[in-house]
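**Student:** Each residue of the sequence shown is one higher than the last, beginning at 1 in my numbering.
Quick reminder that beta carbons are idealized off the backbone N, C-alpha and C, glycines included.
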Amino acid sequence: MRKIIVSEFITLDGVIEASGGNETPHSHGGWQFNYRSPEGGKYKIDELTSVDTLLLGRTTYEGFAAYWPGQTGAFADPINQMPKYVVSRSMQKVEWNNSHILRNVANDIAALKQSDGGDILEYQPIA
Numbered sequence: 001m002r003k004i005i006v007s008e009f010i011t012l013d014g015v016i017e018a019s020g021g022n023e024t025p026h027s028h029g030g031w032q033f034n035y036r037s038p039e040g041g042k043y044k045i046d047e048l049t050s051v052d053t054l055l056l057g058r059t060t061y062e063g064f065a066a067y068w069p070g071q072t073g074a075f076a077d078p079i080n081q082m083p084k085y086v087v088s089r090s091m092q093k094v095e096w097n098n099s100h101i102l103r104n105v106a107n108d109i110a111a112l113k114q115s116d117g118g119d120i121l122e123y124q125p126i127a
């Protein structure tokens, strides 16, 4: 059975909001950029390349799909190529390469875990 690995950016005092930038008007938006390091970058690439599937919520998918398709490199190439499953009851279609919508969350994720392949990486919300 495939495992789901959850990845999130969170400060020691619990700030998660808008870790990547200006996704929301939160006063701490983009906080994680102040803590970038070569070791942290290697960790995120290793994390991504240890799986072969992404699981995303609608908000995270929309943010990623607006940015990653135009990027290349050690992180962008795998994220653009691997299958991406989006949990959403409201989305009608997804256009980012190799993306699929999961509408029946419990059943669809259970089936995904039982399917062939490596582990699944879930990125927690970016906003």
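Give a yes or no on contact between the stretch 99-112 and the stretch 35-51, applying the rule of three or more CB pairs nearer than 8 Å.
**Tutor:** Because the criterion of three Cβ pairs below 8 Å is not met, the stretch 99-112 and the stretch 35-51 do not touch.
**Student:** Below 8 Å on the Cβ atoms is my contact criterion, and I expect Gly117 with Asp77 to pass it. Report the Cβ-Cβ distance as a whole number of Å.
**Tutor:** Rounded, the Cβ-Cβ distance is 18 Å, inconsistent with contact.
**Student:** Could you tell me whether the Cβ atoms of Ile79 and Ser88 are closer together than 8 Å?
**Tutor:** No; because the gap between Cβ atoms is not below 8 Å, this pair is not in contact.
**Student:** Ignore the nearest five residues each way along the sequence and tell me which others in Ser90's own chain have a CB closer than 6 Å to its CB.
**Tutor:** So no residue of the chain qualifies.
**Student:** Can you list, in chain order, the residues of its chain whose CB lies under 6 Å from that of Ile5, leaving out five sequence neighbours each side?
**Tutor:** Cβ neighbours of Ile5 beyond the five flanking positions: Asp119, Leu121.
**Student:** Taking the straight line between their C-alpha atoms, what separation do you get for Leu55 and Asp46?
**Tutor:** Taking the straight line from one Cα to the other gives about 17 Å.
**Student:** Return the residue from the list Arg58, Gly73, Met82 that minimises the CA-CA distance to Arg138.
**Tutor:** This structure cannot speak to residue 138, because the chain is shown only from 1 to 127.
**Student:** My output table needs one value for Ile10: the three-state DSSP class, helix, strand or coil.
**Tutor:** Reduced to three states, the DSSP call for Ile10 is coil.
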